[in-house]
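For the sequence shown, position 220 matches number 419 in this note's numbering, and the numbering has no gaps at all.
Backbone N, C-alpha and C fix where the C-beta goes; we use that ideal spot for every residue, glycine too.
Shown next, in structure tokens, is the structure this report addresses.
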Amino acid sequence: MAAGSVVVTGAKRLRIALADDQALVLCGLKALLGGFEQLEVVIEADSGEALLEQMTKTTVDVVLSDIRMPGLDGFGLCERLRRLPKSPPVILLTTFNDPDMALRAAEGGADGFLLKDASPMELVATIEEVASGRTVIAPISTDLLRTRYAYHDDNAPSGRFNKREVDILRLLAGGYTNREIGQAIHIAEGTVKNYLIDIFDKLDTRDRTRAVLKAITLKII
Numbered sequence: 200m201a202a203g204s205v206v207v208t209g210a211k212r213l214r215i216a217l218a219d220d221q222a223l224v225l226c227g228l229k230a231l232l233g234g235f236e237q238l239e240v241v242i243e244a245d246s247g248e249a250l251l252e253q254m255t256k257t258t259v260d261v262v263l264s265d266i267r268m269p270g271l272d273g274f275g276l277c278e279r280l281r282r283l284p285k286s287p288p289v290i291l292l293t294t295f296n297d298p299d300m301a302l303r304a305a306e307g308g309a310d311g312f313l314l315k316d317a318s319p320m321e322l323v324a325t326i327e328e329v330a331s332g333r334t335v336i337a338p339i340s341t342d343l344l345r346t347r348y349a350y351h352d353d354n355a356p357s358g359r360f361n362k363r364e365v366d367i368l369r370l371l372a373g374g375y376t377n378r379e380i381g382q383a384i385h386i387a388e389g390t391v392k393n394y395l396i397d398i399f400d401k402l403d404t405r406d407r408t409r410a411v412l413k414a415i416t417l418k419i420i
């Protein structure tokens, strides 16, 4: 990830937790994020376990974690964080441009997936996106998705999708929040939530990311 100090003013200060077993990477990330006025690194941990321990004493808005760490890796950390009453969004960082890893991150409930060679502005934009409730996952091959789920006929949707539901699924895939979906198709945010309940039920999923993955797999969108 490129070094540099860029200061952006006038934005809400977000509390960031970092986890990486490589000390140089950890220090580099802290220094990089410290150049952005709207961000504050409040936790530095060299393992998933250490991050979880520190989070018992400190609240955070976004977690940035390496995937490959000894002990509790990034995927395991994401799973553990999802069990918390108030789970912060998680961005998984990796050096490896592996579509299967991106897919696993999405399946595991990560809110973001980013390569470590991303630019500082890409990293900060991803942090702000997931903090606002969006999901930012590196592009995943639809062929990979269909191969992964090719023989899961029992996961087929339980009902037909009308045009409004397909429109909402496409906006979900674009990372839109409920409010933004409502504005885009001119319905109330509460109505969007009701549609999502029906969509999740038809797809037999429990969250937005899995709904989008399955909709792509089943060629609904």
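Pull up the distance between the alpha-carbon of residue 366 and that of residue 385, whole angstroms please.
-> 12 Å
Less than 8 Å between the CB of residue 289 and some heavy atom of the ligand NAP, yes or no?
-> Ligands in the displayed structure: none, and consequently the ligand NAP is not present.
Using the rule of at least 16 other Cβ atoms within 10 Å of the residue's Cβ for burial, across every protein chain shown, is residue 254 buried or exposed?
-> buried
Quick one: Cα of residue 215 to Cα of residue 409, how far?
-> 25 Å
Cβ neighbours of residue 274 in the same chain (closer than 6 Å, five flanking residues each side left out) = 307
Residue 403: first and last residue of the uninterrupted alpha helix (DSSP H) it sits in = Looking at the DSSP string, residue 403 is not in any alpha helix (DSSP H), and its letter there is neither H nor E.
Collapsed DSSP secondary structure at residue 311 in the structure displayed | strand
Nearest neighbour of residue 222, chosen from 230, 232 and 245 [CA to CA] | 245
Cα-Cα separation between residue 262 and residue 298, rounded to whole angstroms | 21 Å
Just to confirm, are residue 368 and residue 379 a CB contact at a threshold of 9 Å?
-> no
Under the DSSP definition of a beta bridge, which residues are partnered with residue 264?
-> 218 and 291
So residue 259 packs on residue 284, CB below 8 Å; how close in whole Å?
-> Not quite, the Cβ-Cβ distance comes to about 14 Å (not below 8 Å), so this is no contact.
Three-state secondary structure assigned by DSSP to residue 386 = coil
To the nearest angstrom, how far is it from the Cα of residue 417 to the Cα of residue 392?
-> 22 Å
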